[in-house]
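Protein chains: 4
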Amino acid sequence: MPFFKRKIQFNDDLGFSSNPVVKNQRALNVDGTPNIERTGLPWFKFDDTYTKLVTMGWSRFFLVILIVYLLVNTLFAVTYNIIGIEHLNGAMGKTPRDQFFDAFFFSAQTISTVGYGHISPQGFMTSIVAAFESMLGLLAFALATGLLYGRFSRPTSKVSFSKNIVISPYQDKMGLMCRLVNLRRNSLIEIEAQMYITFNEIVDGKSKRSYYPLLLERDKISVLSLNWTLVHPINEDSPLFEKTLADIKQAQVEIILILKAFDDTFSQTIHTRTSYQEDDIKMNARFEMMYYHNSEGKIVLDYSKLDSVIVEG
Amino acid sequence: MPFFKRKIQFNDDLGFSSNPVVKNQRALNVDGTPNIERTGLPWFKFDDTYTKLVTMGWSRFFLVILIVYLLVNTLFAVTYNIIGIEHLNGAMGKTPRDQFFDAFFFSAQTISTVGYGHISPQGFMTSIVAAFESMLGLLAFALATGLLYGRFSRPTSKVSFSKNIVISPYQDKMGLMCRLVNLRRNSLIEIEAQMYITFNEIVDGKSKRSYYPLLLERDKISVLSLNWTLVHPINEDSPLFEKTLADIKQAQVEIILILKAFDDTFSQTIHTRTSYQEDDIKMNARFEMMYYHNSEGKIVLDYSKLDSVIVEG
Amino acid sequence: MPFFKRKIQFNDDLGFSSNPVVKNQRALNVDGTPNIERTGLPWFKFDDTYTKLVTMGWSRFFLVILIVYLLVNTLFAVTYNIIGIEHLNGAMGKTPRDQFFDAFFFSAQTISTVGYGHISPQGFMTSIVAAFESMLGLLAFALATGLLYGRFSRPTSKVSFSKNIVISPYQDKMGLMCRLVNLRRNSLIEIEAQMYITFNEIVDGKSKRSYYPLLLERDKISVLSLNWTLVHPINEDSPLFEKTLADIKQAQVEIILILKAFDDTFSQTIHTRTSYQEDDIKMNARFEMMYYHNSEGKIVLDYSKLDSVIVEG
Amino acid sequence: MPFFKRKIQFNDDLGFSSNPVVKNQRALNVDGTPNIERTGLPWFKFDDTYTKLVTMGWSRFFLVILIVYLLVNTLFAVTYNIIGIEHLNGAMGKTPRDQFFDAFFFSAQTISTVGYGHISPQGFMTSIVAAFESMLGLLAFALATGLLYGRFSRPTSKVSFSKNIVISPYQDKMGLMCRLVNLRRNSLIEIEAQMYITFNEIVDGKSKRSYYPLLLERDKISVLSLNWTLVHPINEDSPLFEKTLADIKQAQVEIILILKAFDDTFSQTIHTRTSYQEDDIKMNARFEMMYYHNSEGKIVLDYSKLDSVIVEG
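Protein chains in written order, with this note's numbering: chain A, 6 to 318; chain B, 6 to 318; chain C, 6 to 318; chain D, 6 to 318.
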């Protein structure tokens with residue numbers, strides 16, 4: 006008899022493999038990206054440059070820009086020296102090292118279009134290279150403008166999920182619960198949630214990885230102003246019915262959460278995902294209330310309570 | 006017996022609390038934002054910088070830019086002075102104050118890429134700082150470009166709601182009516198409206214805040230060219246049936262209006278909300294017609310009549 | 006008996022008035038905008054600045070930019086002269102007129118961040134104004150960047166409608182037909198069309214403007230690669246059934262066409278509208294085929310035939 | 006008897022002609038664009054400039070910018086020479102050729118707002134032209150910024166389709182299969198596919214081009230993390246039932262694939278199309294598995310296997 010009931014062939018649908026999981030390998034990373042490695046194409050064929058530049062962290066992004074800026078100026082500095090440093094009016098450097106830096110700073114002043122003019126190009130070759138460099142500079146910073154806007158306007162959400170997923174009495178049964186909150190002032194509306202469970206099981210004598218939906222008591226809300234607690238009632242139809250924590254651990258359970266919302270402030274549809282592993286499940290625990298009315302009767306939402314769990318009994 | 010009929014559990018759905026309201030605390034502000042305070046996270050964790058810069062008022066936005074501009078230039082002015090003011094060719098200042106301002110204006114000319122050149126950098130350190138500053142300047146204004154575009158292209162609406170919501174005879178019964186108009190030349194199409202009512206009531210001996218939908222006679226129109234009057238017929242199914250103004254005031258009624266539309270000009274879905282409190286309700290009043298045909302037969306929409314209410318009998 | 010059958014109350018829905026039309030006043034202009042005048046608000050309250058700048062014609066747009074550029078430079082030129090032209094190093098003008106232009110060109114060189122430097126600021130006041138002006142310049146052109154991008158990326162369509170709408174035999178009855186074509190290389194997919202008719206009629210002894218839908222034989226296509234001919238079959242259910250051209254003219258008929266499509270190239274939903282008046286209706290005419298196979302078997306779409314109508318018998 | 010069964014009138018819907026195909030002319034190009042030529046309008050009426058600049062290849066795009074840059078500078082160089090080269094302070098050229106280049110480089114320094122200042126404008130006419138040119142320069146690069154952002158943020162996909170479409174045993178029948186993979190790190194979700202077949206057939210003694218849908222075993226998946234194999238089961242309802250490769254070749258078959266997906270990273274709906282011709286069909290071949298588990302249990306997707314086909318028996 007299989008471990009859980011009501012199996013549905015969700016493998017294709019969620020884009021996962023049906024091979025059994027070894028070494029506690031998760032399907033989704035905590036940030037919701039699929040835990041997959043990609044190979045077999047030369048790096049330049051992936052054509053992810055824009056996506057990468059837009060999705061990488063800020064410090065890395067500025068580092069990339071700084072490095073490109075230095076490299077391009079070095080390249081042009083070398084070019085101006087090859088043409089002849091004497092064509093840079095006002096460059097005073099006597100040693101090759103000083104002459105390189107004169108050309109380097111002239112290049113920086115050209116590509117950024119500052120153009121103080123205490124160093125200026127003379128002669129056809131140097132002038133045409135400088136004219137080309139200033140055009141390139143404007144294009145490069147046009148690109149930077151696009152990238153910066155792309156980074157800011159990207160439909161990202163800052164939905165924060167509770168660290169744990171708890172199992173506790175719910176109405177007259179047990180319920181599996183986690184909760185989430187919006188870290189931004191953006192209004193999130195028409196929020197929909199889907200929950201799945203995946204684990205190893207033996208089917209026809211073969212070890213397999215199976216995927217089942219976990220029905221939510223409420224899978225859609227209109228507006229997310231406060232926090233939202235997702236509840237999967239563990240009734241007879243649930244794959245988790247009458248399972249112990251030991252059962253769950255042995256089957257290498259992973260619980261997948263898929264969220265879809267409309268960001269009212271920027272008119273964009275947002276998708277976000279996360280997953281919980283066995284160690285994130287707490288038995289007989291419930292979440293502490295996250296909001297209260299202050300002395301003026303106004304509702305106060307306290308983000309510091311998001312992960313606050315009260316273990317019962 | 007509860008005060009109103011046909012209660013529906015809309016608390017979760019609208020993201021509001023079910024605690025009774027004290028001191029006339031509203032659920033939604035007039036501009037449609039939830040009347041909620043947020044706490045419990047260090048300020049930098051909210052990550053609302055972009056949202057804030059895009060949604061704040063224009064004068065505050067320009068003030069922020071001006072202050073940042075002054076601060077950054079001050080910072081670089083200090084840096085140039087530390088390296089040594091003698092490395093700024095053409096800087097004539099004798100006193101520390103004048104030397105600071107020489108460096109300050111050189112910094113401004115560098116970061117804005119004006120670069121007149123009557124002051125110019127000399128020596129490695131000053132030149133490299135200036136090269137860095139000009140790059141920073143271009144990035145900063147790339148950012149400003151993105152922010153300005155973000156501010157303009159944001160899916161905002163200028164739907165204006167009538168100041169009052171009136172109750173007056175409608176067909177053979179009474180009706181609750183408010184109206185709205187588009188202040189922009191943008192075409193709004195496929196406009197949908199939802200109306201809710203919330204008030205305090207005693208359920209099972211406990212004071213609670215309840216939420217009910219108010220059915221509209223017509224909740225969707227194709228195009229908003231003129232004004233649109235929303236009508237909730239107060240029939241036997243309405244929570245407002247046979248209620249007096251005194252009943253309404255005592256229950257601390259708030260009427261919530263949620264509007265969704267498609268902005269044809271910018272291809273964006275727009276959501277807007279507002280709410281009316283008891284004091285905004287006028288009994289036995291009706292709205293004055295907002296448009297007329299001029300002498301050429303053309304329809305003229307007169308915005309000044311939006312709030313114009315005729316109190317009857 | 007009313008002039009037409011199967012009347013539906015579309016007045017609200019299309020956002021039009023139900024007053025009868027005099028002097029051949031149309032509901033929609035040919036470009037699809039509602040033929041409505043707006044009044045009653047101070048001009049600055051309409052808050053249409055961005056919409057206007059983005060939707061106005063190109064020549065007017067550049068004129069606005071040029072005028073603003075000249076005005077701002079004039080303002081700063083006056084300011085520099087008030088502070089004292091002697092604080093502009095290198096300004097040679099002797100007459101007030103020459104001094105104004107020296108300051109004007111210095112201003113232009115500052116706001117555009119060219120900063121040649123043959124004229125340069127001296128003293129605190131002039132330097133601080135110049136620093137402010139260069140910041141303003143960068144912001145202004147950041148704004149221009151946003152506006153230009155907003156203009157280009159706006160979800161506009163270049164769907165062209167046939168000049169005439171024809172009535173000719175269709176299958177075993179008559180049909181009302183017009184056709185359309187995409188002037189751009191953008192792929193338009195999932196195109197939907199709706200047709201309405203509006204005219205004066207006497208209802209209960211009162212002259213009114215009525216609106217009816219005209220059912221289309223096919224109101225949706227997947228892809229618009231060639232041309233699309235819209236056909237309203239004039240059967241017994243049609244308001245046009247057994248009507249003569251004289252009947253149509255007398256009732257001051259206007260036929261309204263609403264089109265919705267998805268622009269595949271820019272991932273935007275596009276709406277466009279047009280309307281035909283009585284004079285645009287041609288009886289017993291049919292459209293000439295718009296495409297043919299060339300000698301290589303490739304399909305050629307000939308845009309010049311869009312309005313080409315063959316009048317029969 | 007017609008060649009295939011269950012014909013549906015998809016001609017209109019897919020926007021194709023029903024004329025029979027000669028010389029192996031395809032309906033869709035491999036990149037999914039319709040194989041149609043357009044004529045009959047003056048070139049400037051197509052108004053595709055923005056679309057063209059945004060969709061053309063990168064090298065062509067930069068070439069266009071370079072050429073425009075050179076042309077505009079040439080134009081201004083000529084203008085400055087006409088006004089009089091003596092109004093360019095610091096221009097040393099003696100020959101007309103040198104004077105042209107002095108003006109050309111001054112123009113480049115002005116339009117890019119570098120403004121070194123070793124050449125500077127003198128006199129009203131030259132100064133006003135330079136002021137205008139610097140404004141134009143900023144506008145032009147504002148335009149470039151918009152174009153670059155438009156190019157990057159365009160909803161393009163890099164879905165790669167297998168080179169061949171194979172026919173091989175599937176369950177207890179035959180199946181027509183091709184597969185696809187996402188070359189980008191963008192998350193594609195809610196992916197839908199439609200497959201059509203088109204070929205020549207004789208209907209009522211006339212040769213025609215017909216279009217039929219090919220039902221897919223699964224036409225929608227939630228997430229595309231790995232590869233997706235599309236399967237059309239060739240059962241009795243399929244137009245391909247009991248057809249040989251010779252039958253298929255004779256009828257000049259083209260198989261059309263339409264894909265729709267939501268790009269989670271940029272919140273955009275993406276459409277992509279492709280088509281296979283008879284030569285792309287392989288009989289009794291099946292696709293090699295594209296992913297495996299590495300030694301750590303992590304799934305590895307190997308793009309190099311996309312086209313890897315194993316011919317059986």
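Glycine included, every Cβ here is placed at the ideal spot set by N, Cα and C.
Backbone CA spacing between residue i and residue j [nearest angstrom]
i, j, result
"A:A82", "B:E91", "25 Å"
"D:D36", "A:I41", "28 Å"
"B:R274", "A:F110", "Reading off the sequence shown, one finds Thr at residue 274 of chain B, where the question assumed Arg. Taking the straight line joining both Cα atoms gives about 49 Å."
"B:D319", "B:D268", "Beyond the ends of chain B as shown, which are 6 and 318, falls residue 319 of chain B; an answer cannot be given."
"B:S158", "C:Y55", "9 Å"
"D:T279", "D:M182", "14 Å"
"D:T60", "D:N191", "20 Å"
"C:S313", "C:L153", "36 Å"
"A:S272", "B:T277", "12 Å"
"A:P7", "A:L220", "Any reading at A:P7 needs caution, since the residue's pLDDT is 36, under 50, leaving its predicted position unreliable; the model's value is listed next. Their Cα atoms are separated by approximately 20 Å."
"A:N2", "A:Y281", "Outside the displayed range of chain A (6 to 318) lies residue 2 of chain A, so it cannot be described from this structure."
"C:S309", "C:N34", "24 Å"
"B:I261", "B:P218", "9 Å"
"C:A266", "C:V228", "9 Å"
"C:K303", "B:I194", "40 Å"
"D:L80", "D:F106", "12 Å"
Residue i at chain B interface by Cβ criterion, 8 Å
i, result
"D:G324", "Given a span of 6 to 318 for chain D in the structure shown, any question on residue 324 of chain D remains unanswerable."
"A:I72", "no"
"D:F9", "Its pLDDT being 39, under 50, D:F9 is placed unreliably by the model, and the measurement read from it follows with that caveat. Chain B, which has no Cβ nearer than 8 Å to the Cβ of D:F9, makes this no."
"D:T118", "yes"
"A:Y85", "no"
"A:N299", "yes"
Neighbour flag for residue i against chain A, beta carbons, 8 Å
i, result
"D:Q127", "no"
"B:G45", "yes"
"B:I41", "yes"
Below-8 Å beta-carbon distance, residue i vs any chain C residue
i, result
"B:V305", "yes"
"B:D269", "yes"
"D:G151", "yes"
"D:N94", "yes"
Reduced DSSP category for residue i - H, G, I as helix; E, B as strand; rest coil
i, result
"D:D268", "strand"
"C:Y85", "helix"
"C:M61", "coil"
"A:E138", "helix"
"A:A290", "strand"
"D:L93", "strand"
Exposure of residue i, with buried meaning 16 or more beta-carbon neighbours within 10 Å
i, result
"A:N232", "buried"
"A:G122", "buried"
"C:K178", "exposed"
"A:V119", "buried"
is_contact[residue i, chain D] using C-beta, thresh 8 Å
i, result
"A:N191", "no"
"A:G155", "yes"
- Message: Within 8 Å, do at least three Cβ pairs link the segment 131-140 of chain A to the segment 87-104 of chain A?
- Response: Contact between the segment 87-104 of chain A and the segment 131-140 of chain A is present: 3 or more CB-CB pairs across the two stretches fall below 8 Å.
- Task: Spell out a yes or no on whether the segment 120-130 of chain D and the segment 145-152 of chain D are touching, meaning 3 or more CB-CB pairs, one atom from each, closer than 8 Å.
- Result: Verdict: no, contact absent.
- Query: Counting pairs of beta carbons, one from the segment 62-74 of chain A and one from the segment 228-248 of chain A, are three or more of them closer than 8 Å?
  - Reply: Cβ pair count under 8 Å is below three, so no.
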